Structure formats: structure tokens, C-alpha cells
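Counted the way the working numbering counts, the sequence shown spans residues 3 to 530.
Beta carbons: idealized from backbone N, C-alpha and C, even for Gly.
Computed from a predicted model, the values in this text were never measured in an experiment.
One structure is given below, encoded as C-alpha cells.
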Amino acid sequence: MTFENMTEFFWKTYSAVPYSQHGNISVNYTDGTFRGRYEFVLTNFTSGTLYLALLVTQKDPITLNITIEGVPLELSRMDVYRWVDEDGVGIEIYAVNVSTSLSELHGVATYEFRYLENEDYLREMWKQDVLIGTDFSWWEFASRNATITVIPTFPENTVFVLSKWGIVRSGMKVVYNASLKPYEGFTLYIPDMEWKGFQWNGVNFTVYFTKNIYNEEGFDLVKREFTFAMGLYSNLTGILPVERFDAVFFPGLRRMMYKRFGRKPFGIDLGHVILVECPVDMEDSAVNYASIIFHEIAHEWAGYYAPFGYFSEPLATFMQMEAYGRWNPGGYLSWLNQNEYTALKYGDDMPFYEVVRDPMKYPRSTLTLYWKGAFMLRSLRFIVGNETFNRALHDVLEECHGSSCNYTAFIRTVENVSGEDLGWFFDEWFNSTLFPDYNITNLSLSQVGDGYNLTFTIVDASNFTMPVPVRIYLDDGSYVEGTVWVNGTATVSFELPFKPVRIVIDPDEVMANVNREFEVAGIEVDVN
Numbered sequence: 003m004t005f006e007n008m009t010e011f012f013w014k015t016y017s018a019v020p021y022s023q024h025g026n027i028s029v030n031y032t033d034g035t036f037r038g039r040y041e042f043v044l045t046n047f048t049s050g051t052l053y054l055a056l057l058v059t060q061k062d063p064i065t066l067n068i069t070i071e072g073v074p075l076e077l078s079r080m081d082v083y084r085w086v087d088e089d090g091v092g093i094e095i096y097a098v099n100v101s102t103s104l105s106e107l108h109g110v111a112t113y114e115f116r117y118l119e120n121e122d123y124l125r126e127m128w129k130q131d132v133l134i135g136t137d138f139s140w141w142e143f144a145s146r147n148a149t150i151t152v153i154p155t156f157p158e159n160t161v162f163v164l165s166k167w168g169i170v171r172s173g174m175k176v177v178y179n180a181s182l183k184p185y186e187g188f189t190l191y192i193p194d195m196e197w198k199g200f201q202w203n204g205v206n207f208t209v210y211f212t213k214n215i216y217n218e219e220g221f222d223l224v225k226r227e228f229t230f231a232m233g234l235y236s237n238l239t240g241i242l243p244v245e246r247f248d249a250v251f252f253p254g255l256r257r258m259m260y261k262r263f264g265r266k267p268f269g270i271d272l273g274h275v276i277l278v279e280c281p282v283d284m285e286d287s288a289v290n291y292a293s294i295i296f297h298e299i300a301h302e303w304a305g306y307y308a309p310f311g312y313f314s315e316p317l318a319t320f321m322q323m324e325a326y327g328r329w330n331p332g333g334y335l336s337w338l339n340q341n342e343y344t345a346l347k348y349g350d351d352m353p354f355y356e357v358v359r360d361p362m363k364y365p366r367s368t369l370t371l372y373w374k375g376a377f378m379l380r381s382l383r384f385i386v387g388n389e390t391f392n393r394a395l396h397d398v399l400e401e402c403h404g405s406s407c408n409y410t411a412f413i414r415t416v417e418n419v420s421g422e423d424l425g426w427f428f429d430e431w432f433n434s435t436l437f438p439d440y441n442i443t444n445l446s447l448s449q450v451g452d453g454y455n456l457t458f459t460i461v462d463a464s465n466f467t468m469p470v471p472v473r474i475y476l477d478d479g480s481y482v483e484g485t486v487w488v489n490g491t492a493t494v495s496f497e498l499p500f501k502p503v504r505i506v507i508d509p510d511e512v513m514a515n516v517n518r519e520f521e522v523a524g525i526e527v528d529v530n
């Protein structure tokens, strides 16, 4: 069958069966193979066709034996529908004609799933969104509804990292229900792990580590970082999306991830579990990768609770900025300024709109997608206000929970909550490769009584329309500040009690803009 014919058959016939299933799989993993036993019940069955599907690869991934009501099924005698791609990877669907007066069928299936030698083929199936069964089996019965509980047995102190589920260790239950399909596959299989847990606000945390990298100071710091970020993000959004959360601190994570997936992250969120590189010990990673940890935890909101496609990255980076600014206020502005500088220098080759649609096309898309996008969100919050922005963030997370959204849902929600047409804002930030580029001209200073009048023009060479924070430092050590709407240019005047010595544009790094330092009429100017 062609892929199109198989897709049509799957939706019109295979997925339209009237019966459902429930049962338990006990499975053992040794030497790269899952060996399982599935005790199942098919309900609401009527005489007719029972369908089952299996993964197909060039390496014969599954051996399967099924008995229903004491009668073994001989798959070699069944009608089969087969689709494979050019690499010989795909699925087979068997049609079993069952004549029975029973509406409830009991049975047992035993199987071997040669996981490790077929792991690369599973990635091909994920890319094509062809998913069947459980992560521990990759075969299934067709059914209208399903509830399957898997209880694995692994070697002692071995854990599996199961994307969108968390850590799985021996004896844990993994539940599959609704429309039956795997989660997002196993990322790592790690032996010789230890773990330690804690609770906060109804969330069960478990931190996994190898023995040689653990120390109490590191664990306490990790605990404070996790609960700090979870508390901040739940306050910002009004949502706490998890009841359990796992973390793995693992030496050699980057090397292993590169070998398996071609990328080398210092940290990554896989849905209810984050993995963190640990070259020295847990405390060292918690200190040096704090901002990365905050970013990955933010994906529990923007990415897993509510998927926004590639727009999840600027949302998570914005939340990361909020967390790191509160966590490390002393080093925050220099950290923010460095990321702004990098985004300005290397992230201006394509408009944000093009990058957020398909960043894989662009070699330096991370800088535009993550950092220009996050600074854009900071600027938007400055325009609409904290309360409106946070309410919009809550609303769009709720709207997109359990569905698939993108940046258009965010734009629509912000406009609905604020009651404003913000097309002008998104047009200049989404469709341009430019950043605001401020300068000061026409400065005049005059003494009036015991004070001074200061007047100058702010010019934006990029012609953005933005509210621009301005801070004037005085010779007595104090400062005066205000916000000026700049639409290409704007003239501003200040009445000052003391002589001005320095003007700072955007002192708190609200937006990404071209930075410069210069002097006008004896007054220092910092465009921050």
C-alpha cells in the first residue's frame, strides 16, 4: 500500500472499530530487548474483524504470540495490509476474522521487541508521525479506547528517560490511555543511578544522579532553583502544570546526546523531566547552568502544557529572563546585555516571522528565535503592562492546553485581553531584521533658577514605534526618569533640580537595541 492508502485505511477502517481494550503489560528489559506479557480484555466486541498493527523494519523487530479465549492466532494465515518506506520501515495491519457470541474477549500476548537494534528505525517513525502501541512494545490492537498499564523490570539502579512521561525505573507504572500511542520515546538508558526526592506545593520532585557527582550543597541548591522557578512561573501564569517532575544530572550528557541525536545541549526538557550536563558535580552544574535550568523548566508551560511549535522557545526564554533576573540580580544586567549583544551581532539575517515558521532553514536561527523573540515579548509587556500581559499569558496557555497552537494564537489573545490592535508592534518586530537604533541630537541645557531645563531629540534610525525608558543621572548622585514614545523621532524636556551628567536610554534592558556610548554637549549618553 502507498502511505496515502494506508492513512485512509487507518482512519476509515482501523480507527473506526467499535471495541475497546484494557489490560496490563509486565515487561523485562535485558540486552536491548523488551520481553513482555500482555493480559488484556477486549470489550464491546461483536462478531467481525479484529485488527492489530505491528512495527516493520529490515531487522525483524517483533516476535508476537497471541491467544484469545484459549485459541492461538496464526498471523501467517491472516489478511495483511502493509506499508513501508524506502528504507523498509513501516507497519503491518493484520485482519483477524472472529466469530463469537461473546462481547468481552480475554486473552494473553507474549512478545519480544528488539528495541536497541531498531532504535534508529523508531526515529524514522517518529518523524513520519506513525506511532503504534506503547514505547515498550510497538504493536497494538485497534480499539476505540484503551487503558494499558505497563510495569517494567530493569536491572537494579537502571533508569529509562521517557520523553513526555519522565523517569521510568523498575517496578514503576506507565499508563497509556485514550488513543493508544507511545509517548515520545526513550532518550537515554542509564545504569548505576541513585535518586533523592522532595515535595513542594503538591509536586513530587525526584533528582537522579551518579554517586560521584552528588553533594548535599548541590542537592539543596537544585531544590531551591526548582521550587523558585516553579513558584515564579505559576505566579506569572496562574497555572502549575505538573504533579511530578524529574531531573537527571549526568556526566557526559552532551557527548551521549550528540552521539544519538546530533546535538549537544547543556540541559534539555523532555516533558516532566530535564537532563543536565554534570562535568564536575551537582553543585557546579546548579551554579553554572542556572539560567539553562530555568529555561528548560519553563518548557513545562510553553511546550508541554501548551504546545506553540517553535514559538515555545521565545516564550520559554522570556520566562528564563524573568527567573534569572530575580535569582541573580547582581549579574543579571550584564548577562542580559551579553545575550542582547549576541542577538544584535548574529541574529539579524532573517526576520523573526520567517525564523519562527521554520528555523531549520536558517543556520543562526537560535539567536533570532530565542533572544530577539524574548526581547520582543519584554517590549510587548512594557507596552501593555504587567497585569494585562500576565493575564494574556494565562489565557493563551489555557486555550492551547492539549491542542496545537503557534504564535498567531498568542497575538490574538494579547489583542483580545488588551483591547488594542497591536498589528503595528508585531509588524515591526516580526517582519524586519532591524533592531531599534537610538541616538540623541539637538541637546540643549539651560539653567533656570536653582535648576536646569534639559531638552533633546531621540532619533531611531530603524524607525520603530516604541515607548523608550530614559534615565537622567544628576551631579548629586540622584536620577530622574520617564518614558518617551518614539515614532522615528521624539523631543523630550526635563526640569531638573541638579545638573545632568549622564543620559541612559533603556537602563533596565527592556528591549533589544543597538548599544552605544557617546557624549553630547559635555553630557555622557549610554544607549543600553
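Check, Outcome
"Do residue 534 and residue 466 have their C-beta atoms closer together than 7 Å?", "Since the first and last residues shown for the chain are 3 and 530, residue 534 lies out of range."
"Of all the options 97, 84 and 179, which has the alpha carbon lying nearest to the alpha carbon of residue 135?", "179"
"Quick one: give me the first and last residue of the alpha helix (DSSP H) that residue 449 is part of.", "No alpha helix (DSSP H) holds residue 449; the beta strand (DSSP E) holding it covers 440–450."
"Buried or exposed: where does residue 104 fall if 16 or more other Cβ atoms within 10 Å of its Cβ makes it buried?", "exposed"
"Tell me the start and end of each unbroken alpha helix (DSSP H) in the segment 195–273 that is at least 4 residues and wholly inside, in chain order.", "218–239 and 255–263"
"Would you grab the beta carbon distance between residue 435 and residue 459 for me? Rounded to a whole angstrom, and I think it's under 8 Å.", "Wrong, their Cβ atoms sit about 25 Å apart, outside the cutoff."
"Considering only C-alpha positions, which residue in the set 334, 233, 357 and 356 is nearest to residue 202?", "233"
"If I'm right that residue 198 touches residue 221 with Cβ under 8 Å, what's the distance once you round it to whole angstroms?", "6 Å"
"For residue 111, list the residues DSSP reports as bridge partners.", "40 and 68"
"Using the beta-carbon count (16 or more within 10 Å), is residue 127 buried or exposed?", "buried"
"Considering only the alpha carbon of each residue, which of 200, 313, 257 and 71 lies closest to residue 408?", "313"
"Count the C-beta pairs between the segment 145–154 and the segment 24–34 that are closer than 8 Å, then say yes if the count reaches three, no if not.", "yes"
"Just to confirm my understanding: we take residue 544, look at its own chain, exclude 5 residues before and 5 after, and list those with CB closer than 7 Å. What are they?", "Residue 544 falls outside the range modelled here, since the chain spans only 3 to 530, and no answer is possible."
"Can you name the start and end residues of the beta strand (DSSP E) that residue 23 belongs to?", "22–32"
"Taking only runs that begin and end inside the segment 492–525, name each unbroken beta strand (DSSP E) of 3 or more residues, in chain order.", "502–507 and 518–522"
"Can you tell me which of 305, 315, 306 and 290 puts its alpha carbon nearest to the alpha carbon of residue 329?", "290"
"With distances taken between CB atoms, is the gap from residue 60 to residue 34 smaller than 7 Å?", "no"
"Where does the unbroken alpha helix (DSSP H) through residue 386 begin, and where does it stop?", "375–386"
"Between residue 250 and residue 295, what straight-line distance do the alpha-carbon atoms span, to the nearest angstrom?", "11 Å"
"How far does the alpha helix (DSSP H) with residue 316 in it reach, from first residue to last?", "314–329"
"Per the DSSP calculation, residue 155 is bridged to which residue(s)?", "30"
"Three-state secondary structure (DSSP) at residue 422?", "coil"
"Measuring CB to CB, does residue 379 end up less than 7 Å from residue 320?", "yes"
"Compare the C-alpha of residue 211 against each of 204, 281 and 508 and name the closest.", "281"
"Quick check on the burial criterion: 16 or more other C-beta atoms within 10 angstroms. Buried or exposed for residue 394?", "buried"
"If you draw a straight line from the alpha carbon of residue 67 to that of residue 141, how long is it in whole angstroms?", "12 Å"
"Look up residue 141 in the DSSP assignment and say whether it is helix, strand or coil.", "strand"
"By the three-class DSSP mapping on this structure, what secondary structure does residue 285 have?", "helix"
"Can you tell me the Cα-Cα spacing of residue 338 and residue 353, whole angstroms?", "21 Å"
"Residue 178 bridges to which residues according to DSSP?", "150"
"Flag this pair as yes or no: are the beta carbons of residue 46 and residue 16 separated by less than 7 Å?", "no"
"Taking residue 100 as part of the beta strand (DSSP E), name the residues at either end of that continuous run.", "92–100"
"Exposed or buried, residue 239, counting other C-beta atoms within 10 Å across all chains shown (16 or more means buried)?", "buried"
"Exposed or buried, what is residue 340 when buried is set at 16 or more other beta-carbons lying within 10 Å of its beta-carbon?", "exposed"
"Taking the alpha-carbon positions, what's the residue 216 to residue 208 distance?", "14 Å"
"When you compare the CB positions of residue 31 and residue 111, do they come within less than 7 Å of one another, or not?", "no"
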